[in-house]
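Below you'll find the structure, written out as C-alpha cells, and then a few comments.
Protein chains: 4
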Amino acid sequence: MSGATEISDPTATRGRGRPRSVAADEAILEATRAVLAEDGWAALTVEGVAARAGVAKTTVYRRFTSRADLAVAAVAQLVAAARTAPGSGAAEDIGNAIRACADVYSRPAARAAYLAVVAEAGRDPALRAAVEGRVITPARQIVADGLDRAVARGEITRGLADSRLDLLYDVLAGALLHRVLVREAEVDDDFIETLTSAVLVALRVPPA
Amino acid sequence: MSGATEISDPTATRGRGRPRSVAADEAILEATRAVLAEDGWAALTVEGVAARAGVAKTTVYRRFTSRADLAVAAVAQLVAAARTAPGSGAAEDIGNAIRACADVYSRPAARAAYLAVVAEAGRDPALRAAVEGRVITPARQIVADGLDRAVARGEITRGLADSRLDLLYDVLAGALLHRVLVREAEVDDDFIETLTSAVLVALRVPPA
Amino acid sequence: MSGATEISDPTATRGRGRPRSVAADEAILEATRAVLAEDGWAALTVEGVAARAGVAKTTVYRRFTSRADLAVAAVAQLVAAARTAPGSGAAEDIGNAIRACADVYSRPAARAAYLAVVAEAGRDPALRAAVEGRVITPARQIVADGLDRAVARGEITRGLADSRLDLLYDVLAGALLHRVLVREAEVDDDFIETLTSAVLVALRVPPA
Amino acid sequence: MSGATEISDPTATRGRGRPRSVAADEAILEATRAVLAEDGWAALTVEGVAARAGVAKTTVYRRFTSRADLAVAAVAQLVAAARTAPGSGAAEDIGNAIRACADVYSRPAARAAYLAVVAEAGRDPALRAAVEGRVITPARQIVADGLDRAVARGEITRGLADSRLDLLYDVLAGALLHRVLVREAEVDDDFIETLTSAVLVALRVPPA
DNA sequence: AGGTAAACGAGACGGTACGTCTCGTCTTGCT
DNA sequence: AGCAAGACGAGACGTACCGTCTCGTTTACCT
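Residue numbers (the numbering used here), protein chains in the order written: chain A, 1 to 208; chain B, 1 to 208; chain C, 1 to 208; chain D, 1 to 208.
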C-alpha cells in the first residue's frame, strides 16, 4: 500500500475527465492535521478524515492508500518547513538545527504521527520509501548542509564531515527524538547548549 | 486502559476464588512475542494472541487491558534481560551498553513493538506509566550504572556524572533508536567505536 | 438439561455432608421472580439471579440446570396456587376457573416467563417433562375437576365430560392465553361471561 | 430494538448511495427459516444466519435489529400465505380457517419461533408493533373475512358478527395454539369437527 | 470431640454471541 | 470522469453469560 496516487500534481498529464479538486486536496490534509492534533494517531481514520473534510471516502482513497500515507504528507510538510537560516559558526548552526527539529517534533500533529508512522513503515516497503524520501532524507540534509558550511568556513575538514555525517545525524535527531517523543521531556536551552558543545568537542571544533 | 491487572502476582493477597493460571500467563506472552516477530504491530490482535496462546479472549482481558499493554510486557522482559556485565573501563562499559541496547532493539518482537508502543503511550497515561516504569527507567538505569562505575574508578567526577546522565541517556538510546528503528541501518563495530569515543571525548575521559 | 436436581427435598436420603441451605432455595426463587417481573425473560440469567440472591453461581447450578428450569419452578408455584373453590353450578365453576387462570397469566413473573418457557420446552425433552408435569397437567386438572363436579350434579353425562375434556381445556386455556399473552387484551367480565355461556351452549348445559 | 429498517422497500426515496441487495434480503430470510426449522429458536443467532446466508453480519444488522425481528419476518410470510379460499357455508369456512392456521403453526420455522417471538414482544414495543401488524392482525382478518361471508349469506347477523369477532378469534387461534404449540398434540379431523360444531352452536348457526 | 463429606462464597477457565466499529471495495445517480 | 452517498464482505473490538472448574471455608452428621 501507500505512496500510490498522492496529491494532485498540476504538471501531470492533465488526463481527460474532470480534474481533481484542489480544494479537496487541502481539506483532506487540513482535516488530517486536525484529527492528529486533537485525538492522536489511533483516532486517525480515513472515514473520520473524509467526514471532517466534507469529502467522500472514495475521494480520499483516490489520493492516499492508507492513513499512514495521509500522515506522511502532513509530517513531510512540517519537515519541509524546517530548513534553517545559516548561522555565523558551527555552534550557532547546530543550535539552530536542533531547535528547528525540536519545533517539528513538538507540533501536535507530528507528535501524534511521527513514531507511529515510522513504526508502520517497518512493515510496509512503499510507506518506508515515502518516509525515507519525504521525511528522513530532508532532515538528514539539514545536518549535511550544516557540515558543508562548517567545511566552507574551514572549521572541519571535508573528510571528517563526510565520515561523521550519519553518526551526527543519528546523534542529533535521535537524542531529540528520544527526549521529545520517547521521554516526553522538554528541550530547554541548557539541553541544546550542552548537546551542542558536546558535539563540537567530539568533532574537535574549537569553541568560538 | 492499560496497566490494569497485569500478570499474576504470587505475593498478592491470594484472593479467594480460583487462582490465575501461570501457564496461561506464559502462553499469552509467548504468543504475543511470536505474533509481533512474525507479523508486526499492526497484526497484533487480542483475538489473535488468545487463539495462538490457546486461551480464551477473556483470559487475556483479565490480565491486559489492550494490545499495547500486552506489548509492553513483552518489551519489558527483553529490556530486563539486557543488563550488562561491568567492563574494565568507561570505554568498554559504554560499548557494552550500546551493544546490549542494540540487541534489544534488534529482536524482532521489540523492533515491531517499541516505536508503536511509545507512540501509543503519548495518548494513554496508564500505558505511559507502564512504559516509563518497565522500559524507560530500566534502560536509563543501565546508563546510570555505567556512570557510577566510572565515578568509582575515578574516571569522572560524581558531579559530572549526575549532570550528564539524562543527556547521555538521550544520546545513546536516541542515536541507537534512530539508527536501528528509524533509519534501519545496522549497528556495526565502527558505529559503536566512533560513538563510544565521541562520548568519551565529550565526557573528557582520557582514552585508555 | 433441566429438571435435574431441583429444589431441596427434605425427605431425601440426607447424606452426610452439609445440607442444602433452605435460605438459598428461597432467595434464588425470590430473585428469579423479581428479575422476571422487573426485566422479563430475556434478562433472566443464572448469573444475575445468583448475584441478586446473594448466592454463588454454583449454588444455583446445584439446584437448577438452566434458566428455564428456574422459571418453571416459579410458574409452577403460581399454577399450584390457582386451584379454585367449587361453585354451585357449571356456569360458576367455569367462570371461576377462567378467572383463576387469568390471574396466573397476569402475574408479572408468569407473563414474562410462560410463553418463553413453553417455547423453550419444544426443544428440550427434560424441560418439556417438567412443564408437562408441573404446569400443564395441574391446569388441565382444574378443568377436569370442574367437569367432574358437573357430572356429579347431573349437568352433563360422564361420557360427554370425558370426550370433551381436552377440547374444553384447549379452548379455555388457549382463549385465555391468546387474549392475555398474545394479544395483550384485558380479561373483563364481559369476556368471561360470553366465553362461559358459549362453552355451556356447546356442552348443551341448560342455563341456570 | 426491532422494526428499524426492515426489508428493502422499492418505493423508498431511492437515496443516492448503492441500493440494498435484493439477493441478500432473500438469502437472509431463507437462512433464518432454515436455522429455525433445523435447530430451533435458541440456535437462531444473527451470526449464524449471516454465515449461512453467505452475508456479512453488518448486512443483517442493516435490515433487522435483532433475531426476533428476523423471526417476525419469517413468521409473517407464512401467515401471509395462509389466506383461505371461501367455502360454501360457515361450517366449511371455519374448518378451512382452522386448518389454515394449523398449517402455519405446524411449519417447523413457525413452531420454533412463534411463542418465543410473542414472548419477546411482551418487553419490546417495536417488536410488539411488528408482531401486531404482521402476524396478529392478518390472522384476525382471516376470521373477520369468514364472519363477513357468513353475514353475506345470511347465516348470522352483522351485529352478532361484530360483537363476537374478538372472542371467536381468541377461541380459534388460542385453542389451536394451545393444542399445537403448548400441548404439542396433533390437530386431527375429529378435533376440527368438534371445535367447528361447538363454535357453530355457540354462534347459533343451524347445522348444514 | 474429631473426622469426614458436602455445600458454600469466590472467581478464573474456555467458549459463543453479542452489537459496534472501521476497513477497503463496490455500485449507483448526480454534476 | 469525478464526486457524494451508501451498501457490501470482512473481521476485530470489548462485554456479557454460559457452564465448568478449582479453591479455601463453613456446617452438619457420625463415629
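Ideal Cβ placement from N, Cα and C applies to all residues, glycine included.
Just so it is clear, the structure is predicted and the values come from calculations on it, not from any experiment.
Contact check between the stretch 187 to 204 of chain B and the stretch 157 to 175 of chain A: three or more CB pairs, one atom from each, fall below 8 Å, which counts as touching. At a cut-off of 7 Å, the C-beta of B:Ala119 has a neighbouring C-beta in chain A. A Cβ of chain D is located within less than 7 Å of the beta carbon of C:Asp170. Around C:Ile136, the beta-carbon contacts reaching into chain D at under 8 Å are Val182, Arg183.
Here C:Ala24 is not near C:Val49, since their CB atoms are 7 Å or more apart. When secondary structure is reduced to three states using DSSP, B:Ile156 falls in the coil class, being assigned neither helix nor strand. In this structure, the straight-line span from the alpha carbon of A:Arg33 to that of B:Leu203 is close to 41 Å. Within 10 angstroms of the beta-carbon of B:Gly122 lie 16 or more other beta-carbons, which makes it buried. In terms of Cβ geometry, B:Leu29 and B:Ala68 do not form a close pair [threshold 7 Å].
Closest in C-alpha terms to A:Val143, from the list A:Ala97, A:Glu47, A:Ala27, comes A:Ala97. Around B:Arg83, the same chain offers Ile142 as residues with beta carbons nearer than 7 Å, after the five sequence neighbours per side are excluded. Put simply, the backbone Cα of D:Leu147 is about 29 Å away from that of C:Leu115. Residue burial is scored here from C-beta neighbours: A:Ala152 has fewer than 16 other C-beta atoms within 10 angstroms and is therefore classed as exposed. Going by DSSP, C:Arg67 is part of the alpha helix (DSSP H) stretching over 67 to 80. One alpha carbon belongs to D:Pro125, the other to D:Val131, and they sit about 10 Å apart.
The beta carbons of A:Gly174 and B:Ala175 sit closer together than 7 Å.
Sequence-ordered contacts of the stretch 98 to 114 of chain C with chain D read Arg111, Ala112, Ala113, Tyr114 [C-beta pairs closer than 9 Å]. Where B:Asp103 is concerned, the enclosing alpha helix (DSSP H) starts and stops at 90 to 106.
Residue-level contact check: C:Val60 does not touch chain D, since none of the beta carbons of chain D fall below 7 Å from its beta carbon. Contact check for C:Leu78 against C:Ala110 passes: the beta carbons are separated by less than 7 Å. Per DSSP, B:Gly133 lies in no alpha helix (DSSP H) segment and is marked neither H nor E. D:Ala76 places its beta carbon less than 7 Å from that of D:Val135. From the beta-carbon of C:Thr194, the residues of chain D found nearer than 8 Å are Arg164, Leu167.
Here B:Arg158 is exposed, its C-beta having fewer than 16 other C-beta atoms within 10 Å. Remark: C-beta atoms of D:Pro108 and D:Arg149 do not approach each other more closely than 7 Å. Scanning its chain for C-beta atoms nearer than 6 Å, with the 5 sequence neighbours on each side dropped, one finds around C:Ala53 the residues Ala27, Ile28, Ala31, in chain order.
From the beta-carbon of D:Val55, no residue of chain C is found nearer than 9 Å; the closest lies around 25 Å away.
By the Cβ-count criterion, B:Val187 is buried, with 16 or more other Cβ atoms from all chains shown falling within 10 Å of its own Cβ.
D:Val117 is positioned such that its CB atom lies closer than 7 Å to that of D:Ala71. Taking C-alpha positions only, D:Val46 is separated from D:Gly40 by approximately 13 Å. A Cβ of chain D is located within less than 7 Å of the beta carbon of C:Gly174.
Taking a C-beta cut-off of 7 Å against chain D, none of the residues of the stretch 61 to 74 of chain C qualify. If you check each beta-carbon in the stretch 38 to 50 of chain C against every beta-carbon of chain D, the ones closer than 7 Å belong to Gly40, Trp41, Ala42. With a threshold of 7 Å between beta carbons, C:Leu78 makes no contact with chain D.
Secondary structure note for C:Thr45: it is in no alpha helix (DSSP H), with a DSSP letter that is neither H nor E. Rounded to whole angstroms, the separation of the alpha carbons of A:Ala185 and A:Arg179 is 5 Å.
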